[in-house]
Amino acid sequence: MNQMTVGFIGASGMMGHGMAKNVAAAGYPLAYTVHRSPVADLDALGARRVADPAELGATCDVVIICVTGSPQVETVVQGPKGLLTRPRDGLVIIDASTSEPSSTARLAATALAKGVRYVDAPLTQGPAEAAAGTLNSLVGADDATFERVLPLVSTYSANVIHCGGTGAGHTVKLLNNFAVQAMANALAESFAVAAKAGVDPRVLVDVIAAGHLDCAFLHKMDRTLDGDYDVMRFELDNARKDMRYYVRLAGDQGVTSVVGQGVLSGLTLAHALGYGHEFVPSIVKAQAQLNGIEIRAGSPRP
C-alpha cells in the first residue's frame, strides 16, 4: 500500500469518479467528501467519507479537486471549511478542474503562505478515459512538486505533461479547449451551409478526412450526421464556461480574441436555444434549428 494519503473532492462526478477509483485501486489510502451521495465502489475499495474539505486538508498528504470551475475551486480551497482552514504540514493541492489561470495564481499564493503547495493538473479526454486510467494530465508545478505528485497523477493518466510552473497547466488546457471548440463550431456551421447548398455534409467530412485535418474529433462530429449527439460527453455549458475563461485569458495577455469571441458567441446562442445541458455535438442541432433545415448524412436540397 502507498503511504501517501489522498483526499478527493468531486469523486461522484463524471470525471472524478473514475479518477478516484483508480487512485484507490492503486493502493493509496483515499478519503472523499460526499457531494451528491456516497460512492459505493469507492467504499468497497476502503475509501473513507469525510464531512468537509477542511477535514481532508487536515488529514491528507495530497488532495485532488475535480469540480466544475474556478468559483467551485475557490470555495473548496479557501471558503468556510475549505482545505486551507487547518492544512496539514506539507499538504499538496492538485486542481484537476478546468480553472482560470488568474484564479489559480491567487490560490497558489494564498496556499503557499500557509505552507501548502498548489498544482494545476487539468485533464483532456472524457469519462471513459477517466475510468480506464488513460487521461491526459496537463501539469503546472515546480520541478520538485511535479516529481512528488507524478506517481499519483499517473494512476489515472496515460500521459502526464509538465507544462511549466503553477498556472501553466490551466493555460494550456484553455488553449486546447479553444482549438477543439473552434473546430466543433466550424464543422457545425459548415454542415449547415452544405445542407443549405444541397451538398451532403458527409461528403465534406470525407474531403476533410482525406487531407491534413483528419483526426478522431472530425469522426466524432461526423456521427452527428447519423443522429448521435452523445459521442463527446462534454456538456455544452461547460464548453461555454471554458470559452469565457479563454477569452479572458487572451485579454489578460493583450491578445485580441477574434476567433475566440466568435466561438463563444456560437456556444452562447446554442445555450439560448436550450442546448446548454446537452453535449457539445448538439451545436449541430442548434445550427439546424437556426437555419430551418435538417442536418443529416444525405441531407437533400431544402
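Numbering follows the numbering used here, in which position 115 of the sequence shown is assigned residue number 149; successive positions increment by one, without gaps. Where a beta carbon is used, it is the ideal one built from N, C-alpha and C, also for glycine.
I think residue i touches residue j, with their Cβ atoms under 8 Å apart; what is that distance to the nearest whole Å?
i    : j    : result
R274 : L303 : That pair is no contact at about 10 Å.
G52  : P185 : Incorrect: roughly 18 Å between the Cβ atoms, too far for contact.
V107 : L125 : Contact doesn't hold; Cβ gap of about 15 Å is too wide.
T179 : V206 : Not a contact, Cβ separation roughly 17 Å.
V297 : A216 : 5 Å
A147 : G116 : With 8 Å as the limit, A147 and G116 do not qualify as a contact, their Cβ atoms being about 14 Å apart.
I327 : L259 : The pair is not a contact, with the Cβ atoms about 13 Å apart (cut-off 8 Å).
Using C-beta distances below 8 Å, list every residue in its chain close to residue i, excluding the 5 sequence neighbours before and after it, in chain order.
i    : result
G332 : D234 and R236
F268 : G160, F313 and V314
V96  : M38, T39, V40, G41, L125, V126, I127, I128, V183 and L186
L79  : K55, A58, A59 and L64
L118 : G91, V111, Q112, T144, A145, K148 and V150
R120 : A88, G91 and A92
A139 : T200 and G201
D77  : R83
D248 : I242
A284 : T290, S291 and G294
I'd like to know if residue i contacts chain C, where contact means its C-beta is closer than 8 Å to some C-beta of that chain.
i    : result
L172 : Absent here is chain C; the protein component of the structure consists of one chain.
Is the beta carbon of residue i less than 8 Å from the beta carbon of residue j?
i    : j    : result
G9   : C94  : Residue 9 is absent from the model: the chain starts at 35 and stops at 336.
A45  : Y66  : yes
I317 : N219 : yes
R122 : A92  : yes
Y309 : A320 : yes
D286 : S137 : no
K254 : V241 : no
L252 : A243 : yes
V68  : R83  : yes
Near residue i, which residues of its chain fall below 7 Å by C-beta distance, leaving aside the five closest residues on each side in sequence?
i    : result
N325 : A226 and K230
H342 : With the chain covering only 35 through 336, there is no way to say anything about residue 342.
G103 : S131, T132, S133 and K275
H305 : L270, D271 and R274
R282 : E134
G75  : Checking the displayed sequence, the identity of residue 75 turns out to be Asp instead of Gly. K55.
Sorted by chain position, which residues of the same chain lie with C-beta nearer than 6 Å to residue i's C-beta, five sequence neighbours on each side aside?
i    : result
V239 : D256
Y280 : L208, F212 and G294
T189 : N56, V57 and A60
L169 : L157, Q159, E163, Y190 and S191
L172 : P156, I195, C197, G203, V206 and K207
A165 : G52
M48  : P161
D177 : none
N193 : N170
A142 : Y152 and T200
Spell out a yes or no on whether the region 125 to 139 and the region 151 to 159 are touching, meaning 3 or more CB-CB pairs, one atom from each, closer than 8 Å.
yes
Going residue by residue through the region 278 to 322, where are the continuous alpha helix (DSSP H) segments of at least 4 residues, counting only ones entirely within it?
Note on the region 278 to 322: whole alpha helix (DSSP H) runs with a minimum of 4 residues are 292 to 304, in chain order.
Segment contact, 8 Å Cβ cut-off, at least three pairs: the region 194 to 207 with the region 224 to 235
Counting Cβ pairs under 8 Å, fewer than three are found: no touch.
At what residue ranges does the region 50 to 125 contain a whole run of the beta strand (DSSP E), taking only runs of 3 or more?
64 to 67, 82 to 84 and 96 to 99
Threshold first: 3 residues or longer. Then list the beta strand (DSSP E) segments lying entirely within the region 207 to 285, N to C.
none
For a minimum of 3 consecutive residues, which ranges assigned as the beta strand (DSSP E) are wholly contained in the region 122 to 186?
126 to 129, 151 to 154 and 169 to 174
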